[in-house]
Amino acid sequence: MAEANSKKPLAVLLLERINQRIDWLNESILHGRGSPSAFDFVRDSIQADFALLVQASDFTTETMRGHEGLVRAVIRNLYARHFNGEARHLETLFPEV
């Protein structure tokens, strides 16, 4: 598993991690688990990962080719959890998805 991840571009790994964190938020809220401080931590982590993502040197249209579904899922999930600025930023960078 670690070997497969080492071949993925950093931008893809960050998008996957953002999506996993949003999934955790969704599940926790849906099932009434987690605390406000845990939610705050995860939200802060998503914002930090997003900041790293937009600075990643491999975060390009070419690198993301083949990962359009992941980009669409992250955009949809960001909007669902009210990360509207981040979602709009991704839409601007990748209007074709």
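For the sequence shown, our numbering begins at 18 and goes up steadily by one. Just so you know, even glycine gets a beta-carbon here, dropped at the ideal spot from N, CA and C. Predicted model, so just to flag it, every value in this text is computed and none were measured.
Asked                                                                                                                            : Found
Against chain C, with Cβ distances strictly below 8 Å, would residue 29 count as a contact?                                      : The structure shown has no chain C; it contains just one protein chain.
Would you kindly work out how many angstroms separate the C-alpha atoms of residue 76 and residue 55, rounded to a whole number? : 29 Å
Should residue 103 be labelled buried (16 or more other beta-carbon atoms within 10 Å of its own) or exposed?                    : buried
With DSSP as the reference, label residue 53 as helix, strand or coil.                                                           : helix
At what residues does the alpha helix (DSSP H) containing residue 28 begin and finish?                                           : 27-47
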